[in-house]
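Numbering (the numbering used here), first residue to last: 1 to 63.
Yeah, the Cβ is synthetic: ideal placement off N, Cα and C, and Gly gets one too.
Predicted model only: the values in this text are computed from it and were never measured.
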Amino acid sequence: MPVWKCNNCGNTIDVASPPETCPSCKERCEFVDVSCYIPDCGGPEGGTINTQVYQESYKADKK
Ligand SMILES: [Zn+2]
């Protein structure tokens with residue numbers, strides 16, 4: 001199951017495809033696929049999140 005991160009509030013959800021509206025902040029926001037597809041990324045959610053992509057998406061927020 002892919003993990004998606006809301007670029008508005010940072011909430012992560014694991015669903016097949018991201019919803020139009022974030023269940024956390026109730027905004028229509030961009031979801032970033034932060035799933036771990038390689039064996040050696042250990043994320044906070046049991047290794048399902050690619051922490052590098054996750055953190056890079058935060059950097060992108062600040063631009
Ligand atoms: Zn959100």
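Scanning GLU27, ASN7 and ASP33 for the CA closest to the CA of ASP14 turns up ASP33. Beta-carbon to beta-carbon, ASN8 and GLU27 are separated by about 5 angstroms, close enough to satisfy the 8 angstroms threshold.
Just so you know, the alpha carbons of GLU20 and GLY10 end up roughly 15 angstroms apart. A Cβ-Cβ distance of about 7 angstroms is found for the pair PHE31 and LYS5, placing them in contact under the 8 angstroms criterion. Excluding its 5 nearest sequence neighbours in each direction, PRO2 has C-beta neighbours in its own chain below 6 angstroms: ASP33 and SER35, listed in chain order.
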